[in-house]
Amino acid sequence: MILARGITKTYRIGPVEINAVDSLDVSIAAGEFLSIVGPSGSGKTTLLHLIGLLDTPTSGSISIDGMEAGDLSAKELTRLRREKIGFVFQEFNLLPVLRARENVELPLRYLKVPAPERYHRAMEALEKVGLGERANNRPGQLSGGEQQRVAIARALVTNPVLVLADEPTGELDTYNTCKVIELMRDLNRETGQTFAIVTHDPMVADYTRRIITLRDGKIASDSAGPEVEMRCDDIR
Amino acid sequence: MFKYVLRNMWRRKARTFLTVFGIVVGIFALTVLGALSARLNQQVKGAETWFTSKISIVASGGGLFGGSDGYLELSKVDEIKAVPGAKSVVAGFGLPLSSEGGGFGSPELIVGADLAEAEDLLNLIDIAEGRILRDGDEGVVVLGSTLADKFEAGVGDGVELRGREFEVVGIYEPTLSAPDSFAFVSYEDTLDLFRAINPYFQVENIAATIDVIPEEGVDANELAARIDEAVDGVKVISPAEAEKQISQFSLIFNAILLGIGFIALVVGGLSIINTMIMSVSERTQEIGLKKAIGAETGSVLAEYLLESALIGFFGGLIGMLLGLLAVYLLNNATASSQVSVFTITTTVVVGPVAFATVLGTAAGLFPALRAARLKPIDALKED
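Here it is, written out as structure tokens:
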């Protein structure tokens, strides 16, 4: 589904040029449940942004479902993101002035889905992540774990083929980390949606089916994950 | 989106309020001055029908609104009559209604006209009640609408003008200009009053003004030029010149209004720009997030434009309402003296609000464009 060939992303910090991602090849098939790990500065987030079409590589090419991202205009990239990709970011995910349900409805708004349908789909997504009861709360009234689950609901509400999560559990305790990953894995199993999770937490990586390890912008290893069976309630 | 924008504004209550307040001050001033200017324009318009349908002749050196103490010999009337094209030539004499001098607004005058000639002149204003003066009238008066209100007089009532009793035979429709405060009497009556007040200044066969109504089909301005050429020692004020003098009056005022509008524009505009730049920079991450999940440039642009338009609109609305309140209170305060200083028209109500809204939108354009053009990746990375 995603095919990246020789992608490089160069940042210039003062006189120094840094290749955050360095001639990297990777392919992700539909229905995968994978994690991207590595020390900080290894290029995890940059890779995720490149795959998510938020950023364009300095060189190399990325295609999604056979479409070359480099051939598309900014407007077409926006449309592609809106229709095919769901994002969960590390920190800043929800608009503080909107209620949980309104946050989840936002991508549907951009897809011009009519209001009643928007409402039902948002409620459905919130119930899927176990937050049907909190639909009318503002982000400030939710815990960190709940906020992340709202963000996941928002990423899922458009039924994207690919969900990209950047440190979705970075701010969460072990129990909530487990619950969030469990939720993603269940959704992956039920709907066949593809999940790529950037994390520095080995426990999270151990739950996934494929682990891509980055080092200095290159792939250090790309192997099957242990896919440890989750028992979140035991952690508590 | 509307609700969302309102919530964002509410999130920074103090700042939103202060920015709105900046607009309020400017728009308040604009509304009050607008009402003042509307009243003035009304007066000018009313004055135009009175002053520009006739040719006014005064002693040389005088202007439309006086400025000369010179009087005209009545013999000038015959000289003017000799000029072809003059239908009626009306000798007139006027004196202030009150001995204390006027206050704000149009002066209250007793205006005397030679009734043998005055029919066309007196018909320039529509009569509301009773009749206009006619040849041979004595001791009777036709009141302008403001004076009729002031005396609380109707047709048949008696009013006292400078110590002498007159019977009201007619009342004019309001013209919203100078003639509303005129009491029209005969030329002879005015001269009698003048002599009674100034016992040492016995005058005869003089006129303060001579008004000329042209014959049908005769161009008033051309006739004025012919009179000017044929008659010596007079100043002829043609309708065109009268119009010029009147419009000069309102020009100055409109310039002041424009000045206030400009200040409101600069001050209000800058503060909106400032507020919007701050809003955009503190919400950079939000913009990035929205764009990441599929918001198009246009929708981000619209959102911020709506916010700044709303700041302008609310500022305009509040400023206009406060302005109307001030106008209402001031008009009430001066109502007892039959003077209204302000007029509220549709333009006075809608104009400032529309102006502020357009101003807000325009001021928001630059910050909104900045927001809309952010790349999602750069916006998200910002801390």
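Chains as they are written, first to last, in our numbering: chain U, 1 to 236; chain P, 1001 to 1383.
Just so it is clear, CB atoms sit at the ideal spot from N, CA and C, and this is done for glycine as well.
**Message:** Quick check for students: name the residue ranges of the alpha helix (DSSP H) that lie wholly in the stretch 1133-1198 of chain P, counting only runs of 4 or more.
**Reply:** 1145-1151, 1187-1197
**Prompt:** Mind checking U/Ala220: buried by the 16 CB within 10 Å criterion, or exposed?
**Reply:** exposed
**Message:** Per the DSSP calculation, P/Gly1092 is bridged to which residue(s)?
**Reply:** P/Ala1113, P/Thr1209
**Item:** Rounded C-alpha distance that separates U/Ala151 from U/Asn188
**Value:** 16 Å
**Message:** When you compare the CB positions of P/Thr1284 and P/Ala1363, do they come within less than 8 Å of one another, or not?
**Reply:** no
**Asked** Does the pairing of the stretch 1155-1169 of chain P with the stretch 1130-1145 of chain P give three or more beta-carbon distances under 8 Å?
**Response** yes
**Message:** In the DSSP assignment, the beta strand (DSSP E) including U/Asp222 goes from what residue to what residue?
**Reply:** 218-224
**Message:** If we require 4 or more residues per run, which alpha helix (DSSP H) segments fall completely within the stretch 1240-1297 of chain P?
**Reply:** 1284-1292
**Message:** Strictly below 9 Å CB to CB, what residues from chain P border U/Tyr110?
**Reply:** Lys1290, Ile1293, Gly1294, Ala1295, Glu1296, Ser1299
**Asked** Along chain P, in chain order, which residues have C-beta atoms closer than 9 Å to that of U/Asn93?
**Response** Leu1289
**Boundaries of the beta strand (DSSP E) in which P/Tyr1346 is found, first to last residue** = Before going on, a small fix: residue 1346 of chain P reads as Thr here, not Tyr. From DSSP, P/Thr1346 is part of no beta strand (DSSP E) but of the alpha helix (DSSP H) over 1346-1373.
**Request:** For my contact list, P/Ile1027 and P/Ala1356 are in at a C-beta cut-off of 8 Å; report their separation, rounded to the angstrom.
**Result:** 5 Å
**Asked** Should U/Ile7 and U/Ile28 be called a contact, given that it needs their Cβ atoms to be closer than 8 Å?
**Response** no
**Asked** Taking DSSP as the reference, what is the three-state secondary structure of U/Leu53?
**Response** coil
**Message:** Would you say P/Tyr1004 lies against chain U (beta-carbon separation less than 8 Å)?
**Reply:** yes
**Asked** Going by Cα to Cα distance, which pick from P/Leu1036, P/Leu1310, P/Ile1293 is closest to U/Ala165?
**Response** P/Ile1293
**Asked** Nearest-angstrom Cα distance between P/Val1090 and P/Gly1351?
**Response** 43 Å
**Request:** Using a cut-off of 8 Å between C-beta atoms, extract the partners of U/Phe195 located in chain P.
**Result:** Chain P residues near U/Phe195: none, gap ~17 Å exceeds 8 Å.
**Item:** Segment limits, alpha helix (DSSP H) that includes P/Tyr1200
**Value:** First-last for P/Tyr1200: undefined, no H or E at that position.
**Request:** Kindly say whether P/Ile1377, judged by its beta-carbon, lies nearer than 8 Å to any beta-carbon of chain U.
**Result:** yes
**Message:** Is there a C-beta anywhere in chain U that falls below 8 Å from the one on P/Glu1286?
**Reply:** yes
**Message:** Does the stretch 99-109 of chain U come into contact with the stretch 1317-1331 of chain P, if we say contact requires no fewer than three beta-carbon pairs (one atom in each stretch) closer than 8 Å?
**Reply:** no
**Request:** Anything in chain U within Cβ reach of P/Asn1331, meaning under 7 Å, just list it in chain order.
**Result:** In chain order: nothing, as chain U lies at least about 43 Å away.
**Message:** Check whether the stretch 165-174 of chain U and the stretch 194-202 of chain U touch, using three or more Cβ-Cβ pairs below 8 Å as the test.
**Reply:** yes
**Message:** Given this structure, state the Cα-to-Cα distance separating P/Gly1067 from P/Gly1130, to the nearest angstrom.
**Reply:** Confidence at P/Gly1067 is low in this model, with a pLDDT of 45, below 50, so its placement is unreliable and the value that follows should be read with caution. Each residue's Cα considered, the two are about 34 Å apart.
**Asked** Are the beta-carbon atoms belonging to U/Arg231 and U/Gly38 less than 8 Å from one another?
**Response** no
**Request:** Please report the Cβ distance between P/Ala1372 and P/Thr1297, rounded to the nearest whole angstrom; I am assuming they are in contact, meaning their Cβ atoms lie under 8 Å.
**Result:** 5 Å
**Request:** Below 9 Å between beta carbons is the criterion; list the residues of the stretch 97-122 of chain U that meet it against any residue of chain P, in chain order.
**Result:** Val97, Leu98, Glu102, Leu106, Pro107, Arg109, Tyr110, Leu111
**Prompt:** Which stretch, first to last residue, makes up the alpha helix (DSSP H) that contains P/Asn1221?
**Reply:** 1220-1230
**Request:** Within the same chain, show all residues whose beta-carbon is closer than 6 Å to that of P/Ser1053, passing over the 5 residues directly before and after it, in chain order.
**Result:** Leu1124
**Request:** Grab me the residues of U/Gly31's own chain with a C-beta within less than 8 Å of its C-beta, minus the 5 sequence neighbours each way, in chain order.
**Result:** Asn188, Gly192, Gln193, Thr194
**Request:** Please list the partners that P/Gly1373 has in chain U, where partner means a Cβ-to-Cβ separation under 8 Å.
**Result:** One detail in the question is off: residue 1373 of chain P reads as Arg in this sequence, not Gly. Residues of chain U passing the Cβ test: none, with the nearest at roughly 10 Å.
**Endpoints, the alpha helix (DSSP H) within which P/Phe1002 is located** = 1002-1011
**Message:** Please confirm whether U/Leu54 has its beta-carbon closer than 8 Å to some beta-carbon of chain P.
**Reply:** yes
**Request:** Kindly list, in the order they appear in chain U, the residues whose Cβ is closer than 8 Å to that of P/Arg1007.
**Result:** Val97, Leu98
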